[in-house]
Each structure stands twice: as structure tokens, then as C-alpha cells.
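Colleague:
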Amino acid sequence: MSATVQTPTTRPQIPVTVLTGYLGAGKTTLLNRLLTEEHGKRYAVIVNEFGEIGIDNELVVDADEEVFEMNNGCICCTVRGDLIRIIGNLLKRKGTFDAILIETTGLADPAPVAQTFFVDEEVRAVAKLDSIVTVVDAKNVVARLNDSHEAAEQIAFADVILLNKADLVPAAELVALETRLRTINPTAIIHRTERCMISPTEILDRRAFDLDRILAIEPDFLGEDAHEHDDAVTSVALRETQPIDVNRFNQWIGTLLREKGLSILRSKGILDLKGSPNRFIFQGVHMLMEGDDGKPWGQDEARDSKLVFIGRDLDAVELKAGFAACVA
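Under the UniProt record's numbering, the first residue of the sequence shown is numbered 1, with each subsequent residue one higher.
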């Protein structure tokens with residue numbers, strides 16, 4: 001499926017946060033915290049399998065109801081079919097909740113969930129992927145990375161990582177773990193947590209797919225040029241100081257993702273497009289990509305274009321040459 005820069009929608013979109021992480025990492029603990037916090041907001045919650053989630057008694061979903069409103073103002077639904085259909089049904093209730101939370105199973109690749117918000121036009125018109133949050137078990141993550149490719153993919157897809165159960169691991173090991181996570185995903189924000197204790201503002205409404213906002217908080221978010229090696233999943237970061245030709249870029253990225261999108265888990269970047277006063281923000285999941293205008297470039301600001309790929313069997317030399325050929 002081709003990847004073409006899309007024009008931004010003018011309709012308001014409901015933010016969607018995906019919670020992922022390997023079995024036992026603490027996803028349900030995090031979900032329960034988000035639902036029971038005194039935040040004054042109402043959330044719709046989609047879970048992969050009702051039988052697995054094990055929400056606390058006060059958050060139990062009626063198995064005979066697809067949508068069930070909780071006493072605390074949250075709405076929960078169990079997935080019994082196509083995610084697009086579920087979201088479509090939820091959005092018919094627009095105005096009754098502020099955001100959607102999706103919890104994947106512990107063995108899930110988060111890509112299909114993320115792709116839903118790229119491929120279905122009706123969903124895209126009313127809902128926007130806000131961020132992917134991955135909960136990592138600090139005590140067991142090394143073993144999981146050695147025996148499970150899903151664990152590596154969950155980390156690779158993350159916009160925010162909770163290094164959970166940090167109290168069970170010595171400080172020196174935590175530093176080494178963060179370094180290991182960075183070799184898999186150099187752009188995610190990492191928080192150390194115990195029992196997933198974290199402010200909801202660090203998880204929800206992050207607009208992590210709005211790289212413009214994240215860079216305002218963390219200027220080094222995209223990192224320096226690098227090609228990190230760690231097991232199967234690696235990252236390649238690219239930078240160009242000259243303006244980018246939008247047609248050349250579309251042709252290159254479209255061909256690249258069509259041919260190698262299965263190996264490219266995530267792609268993201270900020271581009272200086274020739275003739276545009278605004279930076280261009282783009283995000284990709286496997287073969288799919290979407291883009292949007294960001295804030296204007298500052299008068300004295302260095303208008304560098306930055307691009308990051310996370311995936312398997314990435315050819316850094318080939319990617320750098322392809323990006324360089326997009327210069328106007």
C-alpha cells in the first residue's frame with residue numbers, strides 16, 4: 001500500500017492511546033490507575049480479550065454488553081470483532097467520552113492496532129492515534145528480549161515507555177536497561193515507575209504523533225545520526241540541512257515502504273519542505289504513513305530535516321543515500 005503525504009483533516013479528532021507491553025509487565029495496573037484517577041474525564045476502553053484483562057472488581061465489564069458505562073464515568077467495551085466496527089460504534093456516542101484507551105494482549109504486535117488509524121478513512125476522520133505506551137517489566141525484560149520478538153516490537157513501536165517494577169532492580173542495572181531500550185527505540189520518552197505510578201498527564205493527551213510538540217519539550221528527541229546495533233531491531237537516524245523536494249520525498253518513501261515496509265516497524269520525522277514556511281511532521285507504521293503541517297520555522301532557526309527508522313535489517317547506507325536524493 002502506497003504512502004503519500006496526506007492533507008490534514010479539519011474535523012476535531014478524539015485522541016486514542018494504545019497501551020501495550022508483554023505479559024505481566026503491568027498494563028492492567030496502569031489501565032486501572034488511569035480509570036480511577038480523579039481527572040474528571042470519561043474514557044472509552046477497548047481490550048483485546050475480556051477473559052485476559054482481569055480488571056479489578058469495580059471495573060468489571062458485563063460480558064453480555066459490548067459497551068458498558070462504569071460508575072466512575074468510564075466506558076468500557078470488549079473487542080468481539082473488528083476494531084474498526086467497535087470504534088465506529090463508540091464514536092456514534094460522540095460527546096459522551098473524551099478519549100479512547102486500547103489495551104492490547106501481552107503477546108500482541110501493536111502494529112495492526114496502530115494501522116487502523118491510518119487505513120480506515122472513517123476512523124481517521126474522527127479519531128487520531130495520540131501515542132503508543134509500552135509497559136516494560138524491568139525485572140524480566142532482558143529474558144523477554146532474548147526469547148520473544150513481540151517484546152522487542154512493543155518497545156520499538158512505543159512513543160512512551162514505562163520501565164516498570166524499577167524498585168526490583170538495582171540502579172546500575174536500570175541504567176543499563178535504559179541503554180538497551182534506547183538501542184531498540186532511540187526516540188521514546190522513558191519513565192521509571194513502581195506499580196505503574198505515574199501522572200496521567202505523562203501518558204494521556206501527549207500528542208506524541210505531533211513531533212513538533214515533543215521537540216519543544218525535548219529538543220534531542222530524534223537524536224543524532226546513528227545506526228545502533230542490538231539484536232534484531234535497530235534504528236537509523238538521518239539528517240539533511242538542505243530543503244526537501246516533496247515530490248521526490250513522496251516517491252522515495254512510497255517505494256521504500258511498499259518494498260520494505262514489513263521490516264520497517266516505525267518511521268517518523270520532521271521535514272523542511274522547499275517553499276513551505278512550516279515544518280512538516282510525518283509518522284509511519286510499516287507500509288503506511290501520514291503527515292501534517294507543524295508550526296512555522298523560526299526566522300533564525302536551523303531548518304534541518306530529521307528522519308528516524310526503527311526496524312529489522314535496516315541498511316543505513318541505502319537509507320541515507322535515498323534521503324539525500326530527496327534534497328531539492
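Glycine included, every Cβ here is placed at the ideal spot set by N, Cα and C.
(1) For residue 162, does the three-state DSSP call read helix, strand or coil?
(2) Give the range of the beta strand (DSSP E) segment to which residue 269 is assigned.
(3) As a quick exercise: from 318, 277, 99, pick the residue whose alpha carbon is nearest that of residue 206.
(4) Under the three-state reduction of DSSP, which class applies to residue 169: helix, strand or coil?
(5) So the beta strand (DSSP E) residue 191 belongs to, where does it begin and stop?
(6) With H, G and I counted as helix, E and B as strand and the rest as coil, what does DSSP make of residue 240?
(7) How many Å lie between residue 286 and residue 259 at the Cα?
(8) Do residue 192 and residue 166 have their beta-carbon atoms positioned less than 8 Å apart in this structure?
(9) Per the DSSP calculation, residue 284 is bridged to which residue(s)?
(10) Looking at the secondary structure, which residues open and close the beta strand (DSSP E) in which residue 103 lies?
(11) Do you know offhand how far residue 185's Cα is from residue 246's?
(12) Between residue 160 and residue 133, how many whole angstroms is the CB-CB distance? I'm expecting something under 8 Å.
(13) For residue 322, report the span of its alpha helix (DSSP H) as first-last.
(14) Just how far apart, CA to CA, sit residue 91 and residue 313?
(15) For residue 37, which residues in the same chain have their Cβ closer than 6 Å to its Cβ, ignoring the five residues on either side in sequence?
(16) Starting from residue 137, follow its DSSP beta bridges and name the residues at the other end.
(17) Just the Cα atoms here: how many angstroms apart are residue 266 and residue 308?
(18) Do residue 22 and residue 137 have their C-beta atoms closer together than 8 Å?
(19) Look up residue 278 in the DSSP assignment and say whether it is helix, strand or coil.
(20) Taking the straight line between their C-alpha atoms, what separation do you get for residue 88 and residue 124?
(21) Please classify residue 325 as buried or exposed, where buried requires at least 16 other C-beta atoms within 10 Å of its C-beta.
(22) Helix, strand or coil for residue 312 per DSSP?
(23) Does the separation of the CB atoms of residue 288 and residue 280 fall below 8 Å?
(24) Which of helix, strand or coil does DSSP assign to residue 40?
(25) Judging by CA-CA distance, which residue of 274, 237, 293 is the nearest neighbour of residue 322?
(26) Does DSSP put residue 128 in a helix, a strand or coil?
Modeller: Inspection of the coordinates gives the following:
(1) strand
(2) 264-271
(3) 99
(4) coil
(5) 189-192
(6) strand
(7) 10 Å
(8) yes
(9) 267, 289
(10) 99-103
(11) 27 Å
(12) 5 Å
(13) 316-324
(14) 39 Å
(15) 200
(16) 164
(17) 8 Å
(18) yes
(19) strand
(20) 11 Å
(21) exposed
(22) strand
(23) no
(24) coil
(25) 237
(26) strand
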